[in-house]
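Working notes for the structure below.
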Amino acid sequence: MLLGSLLVLLLLGTAGTASAHAALESTDPADGSVLKSAPRTVTLTFSESVALLDDSFRVYDPDNRRVRTSSAHHAKDAGDTASVTLPAKLGTGTYTVAWRVVSADSHPVSGAFTFSIGKPSATTTPIATAPTEDPLTASLYDIARYFAYIAAALLIGTATFVALCRPPNPSVLNKPILMGWWTLLAATVVLLILRAPYEAGTGLATAFEPSAIPKTLTSRPGLALAARVLLIAATAFFLLRLRGRERFGRVALGTGAVLAVGLALTWASAEHASAGIQVPVAMTSAVLHLLAMSVWLGGLTALLTVLYRSPDLDAAPVARFSRLAFASVTVLVVTGVYQSWRGLGSWNALTGTSYGRILLVKLGAVVLLLAVAGWSRQWTGRMVGADVRLRVPELVRAGAATGADGAVTVSTGAGDDGDGDGEGASNPGDGSQEQDRGDGSQNRYPGDGSQDRYRRGLRRSVLFEVGVGVVVLVITTLLTNTLPGRAAADAQQTATPAGIPAASVTIVPFRVGNAGGKVQITLDPGRVGLNSVEAVVYGPDGGFATVPELRLSFTLAAQKIGPLDADVKDEGGYWGTNSLNLPIAGTWTMKVTVRTTDVDQVSVSRQVRIVR
């Protein structure tokens with residue numbers, strides 16, 4: 121519950137439109153090109169495989185009438201392309217192509233570009249291009265994805281803790297397991313219902329059209345979600361069969377492992393690991409990474425629960441989880457390094473792309489998390505040591521083995537609970553060793569109360585560890601929604617160069633509460649096609665100012681294009697990008713959103729003239 125609550129609060133404060141992983145690498149005809157004769161096809165090439173929609177292409181003639189085309193298909197059966205066949209005869213002038221596809225990581229991607237036949241022409245009549253994003257649909261879908269991650273960690277991690285760490289009172293973990301199961305089921309059903317409008321960029325009403333669910337079930341993300349529902353149902357049957365057991369045989373453990381791997385595969389098979397280079401290795405790494413994350417963070421939540429709700433908890437389950445957590449961290453580090461290399465592609469992308477910079481932040485958070493985990497391991501070692509010291513006299517009094525020379529021989533290791541793992545069982549005393557702790561419960565450990573002190577210290581360190589783990593999970597979700605450095609570099613290398621430099625400068629004043637300032641935005645060259653953006657924020661005194669977030673979007677309302685997100689990044693002193701594509705000349709509405717604090721932001725719109 122703690123893991124879920126903290127993560128939801130953090131995610132709701134940072135949720136936004138996801139940045140898809142499929143980057144447009146080239147178009148044929150090229151954006152802004154002038155052709156001598158009409159092309160027979162329009163083909164787009166992406167950085168990874170994409171899925172096509174019924175309305176993936178909309179082509180408009182110089183009079184802004186929609187051109188009848190064939191159905192969208194993959195060119196030469198290449199999954200990373202999208203193509204459409206044009207009519208045999210096209211007139212002279214400028215044609216607009218609006219497109220929308222779904223990237224391999226399940227995010228929709230859209231855009232628009234133009235080409236001309238014979239010579240360019242004006243395109244000013246209103247047109248209906250590809251649908252824009254519906255904010256409510258996109259937000260609800262993203263929130264459901266976050267809850268699914270939370271629930272998977274809680275369900276898998278808590279169940280693993282019960283099966284492998286064997287706490288003395290596993291019934292206290294029934295509620296977290298049920299909460300994880302129900303949350304995962306609800307989130308998956310919501311994702312399945314919202315999948316069709318999310319891909320199409322339409323409102324919630326289209327989710328209930330008769331064709332929505334059947335259409336979703338023909339796509340890879342839809343099939344993965346359907347498989348997840350079936351696996352969740354099988355998990356419920358499995359958990360009911362094992363209800364009340366305190367020990368689990370190999371068949372039960374094996375079945376649970378298969379179900380956990382199956383659930384993890386429903387993420388890996390529909391996200392970025394399923395496309396690009398080294399797909400089998402990438403999918404294996406993604407599955408292991410998700411399982412290790414679940415075992416660690418979900419297990420921490422389970423450990424925190426039993427530390428608070430099981431006063432008779434001894435050191436043995438804690439020691440078992442300590443070893444399990446160490447193995448999980450090892451898997452996380454190995455798979456994380458591989459996934460980072462696969463996503464970055466080069467050292468320059470580590471600092472030169474948004475993906476790389478977020479990855480650096482995650483690396484710092486992971487280092488802090490490992491430091492806190494080391495602190496927890498120290499408290500665990502103290503609990504184990506105190507348990508051994510307190511149990512030795514008990515074992516002696518109970519009749520330890522006596523050697524031939526009359527010496528008493530006892531084990532000074534971690535104890536043995538009879539299962540061959542070298543870990544101590546619960547103190548088998550007859551009650552004479554218990555002391556009243558003054559809070560209505562009994563202290564099972566005599567002496568100076570060191571065990572209680574160590575338990576309190578471990579509770580604090582685990583609570584801190586869960587908090588830092590939540591931050592790492594938040595950063596991870598942001599990272600999965602960011603264009604990988606490898607794809608960004610490929611797209612930049614193949615991007616059409618900008619035209620004749622003729623920068624357009626716009627000053628946008630803003631005020632938030634009693635504070636104000638202005639943003640100076642430079643579009644270079646300020647013409648149709650690819651533009652670079654540089655936004656500098658000034659404070660009320662006219663000096664440079666820093667803000668936590670700045671967003672720019674462009675909408676051509678007359679032709680129903682946009683909003684197109686400029687996706688500006690903090691470049692240290694200014695916000696900028698080199699990949700803003702404005703496909704049509706006209707008066708665009710530029711919306712500037714400035715966030716000055718965690719809770720204060722303001723949006724201001726200005727008109728910007730884009731010429732051919």
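Residue numbers for the sequence shown, in our numbering: 121 to 732. Just so it is clear, CB atoms sit at the ideal spot from N, CA and C, and this is done for glycine as well.
Neighbourhood of residue i by C-beta, 6 Å cutoff - its chain only, sequence neighbours within 5 removed
{"i": "residue 719", "result": "none"}
{"i": "residue 261", "result": "314, 318"}
{"i": "residue 698", "result": "652"}
{"i": "residue 636", "result": "660"}
{"i": "residue 370", "result": "none"}
{"i": "residue 671", "result": "713"}
{"i": "residue 406", "result": "388, 393"}
{"i": "residue 344", "result": "386, 389, 390"}
{"i": "residue 716", "result": "632, 667"}
{"i": "residue 342", "result": "315, 336"}
{"i": "residue 340", "result": "390"}
Assigned secondary structure, residue i (DSSP; H/G/I helix, E/B strand, else coil)
{"i": "residue 636", "result": "strand"}
{"i": "residue 468", "result": "helix"}
{"i": "residue 436", "result": "helix"}
{"i": "residue 722", "result": "strand"}
{"i": "residue 585", "result": "helix"}
{"i": "residue 225", "result": "coil"}
{"i": "residue 461", "result": "helix"}
{"i": "residue 237", "result": "strand"}
{"i": "residue 669", "result": "strand"}
{"i": "residue 218", "result": "strand"}
{"i": "residue 397", "result": "coil"}
{"i": "residue 261", "result": "helix"}
{"i": "residue 694", "result": "coil"}
{"i": "residue 368", "result": "coil"}
{"i": "residue 341", "result": "helix"}
{"i": "residue 712", "result": "strand"}
{"i": "residue 197", "result": "helix"}
{"i": "residue 484", "result": "helix"}
{"i": "residue 703", "result": "coil"}
Selected residue, minimal CA-CA separation from residue i, among the options
{"i": "residue 640", "options": "626, 653, 464", "result": "626"}
{"i": "residue 254", "options": "687, 322, 708", "result": "322"}
{"i": "residue 729", "options": "652, 296, 710, 498", "result": "710"}
{"i": "residue 473", "options": "381, 258, 690", "result": "690"}
{"i": "residue 175", "options": "722, 186, 166", "result": "186"}
{"i": "residue 361", "options": "376, 649, 349", "result": "376"}
{"i": "residue 578", "options": "644, 451, 428", "result": "428"}
{"i": "residue 330", "options": "340, 316, 342", "result": "316"}
{"i": "residue 237", "options": "150, 306, 158", "result": "158"}
{"i": "residue 692", "options": "583, 486, 667, 150", "result": "667"}
{"i": "residue 696", "options": "435, 387, 644, 257", "result": "644"}
{"i": "residue 676", "options": "727, 713, 721, 649", "result": "727"}
{"i": "residue 354", "options": "380, 241, 332", "result": "380"}
{"i": "residue 298", "options": "334, 358, 218", "result": "358"}
{"i": "residue 431", "options": "485, 324, 289, 332", "result": "289"}
{"i": "residue 230", "options": "241, 143, 272, 210", "result": "143"}
Residue i vs residue j beta-carbon contact at 7 Å
{"i": "residue 172", "j": "residue 192", "result": "yes"}
{"i": "residue 319", "j": "residue 170", "result": "no"}
{"i": "residue 665", "j": "residue 657", "result": "yes"}
{"i": "residue 274", "j": "residue 352", "result": "no"}
{"i": "residue 586", "j": "residue 420", "result": "yes"}
{"i": "residue 724", "j": "residue 632", "result": "no"}
{"i": "residue 190", "j": "residue 204", "result": "yes"}
{"i": "residue 499", "j": "residue 581", "result": "yes"}
{"i": "residue 168", "j": "residue 200", "result": "yes"}
{"i": "residue 166", "j": "residue 219", "result": "no"}
{"i": "residue 208", "j": "residue 264", "result": "no"}
{"i": "residue 408", "j": "residue 455", "result": "yes"}
Cutoff 8 Å; reference residue i; Cβ partners in own chain excluding five residues on either side
{"i": "residue 293", "result": "278, 281, 282, 287, 422, 425, 426"}
{"i": "residue 449", "result": "412, 416, 490, 493"}
{"i": "residue 403", "result": "385, 388, 389, 393, 394"}
{"i": "residue 685", "result": "137, 671, 672, 673"}
{"i": "residue 721", "result": "632, 669, 713, 714, 715"}
{"i": "residue 630", "result": "636, 637, 638, 639, 712, 714, 722, 724"}
Cut-off 7 Å between Cβ atoms - residues of its own chain near residue i, not counting five sequence neighbours on either side
{"i": "residue 539", "result": "Unreliable placement is indicated for residue 539, whose pLDDT of 42 sits below 50; the coordinate value is still reported in the next sentence. Cβ within range, chain order: n/a, list empty."}
{"i": "residue 496", "result": "578, 581, 582, 585"}
{"i": "residue 239", "result": "154, 212"}
{"i": "residue 616", "result": "Residue confidence is low: residue 616 scores 41 on pLDDT, short of 50, so the model does not pin down where it sits. Its coordinate-derived value is still stated next. Closer than 7 Å at Cβ, skipping near neighbours: 150, 151, 152, 649, 650."}
heavy atom of the ligand ADP below 6 Å from residue i C-beta
{"i": "residue 345", "result": "The ligand content of the structure shown is nil, which means the ligand ADP is not present either."}
Checklist entry - Is the segment 676-690 touching the segment 701-718, taking contact as three or more C-beta pairs under 8 Å? => result Three or more Cβ pairs closer than 8 Å define a contact, and the segment 676-690 meets that threshold against the segment 701-718.
Item to check | Any 3 or more C-beta pairs closer than 8 Å across the segment 206-215 and the segment 149-167 | outcome: Judged by pairs of C-beta atoms under 8 Å, the segment 206-215 touches the segment 149-167, as three or more such pairs exist.
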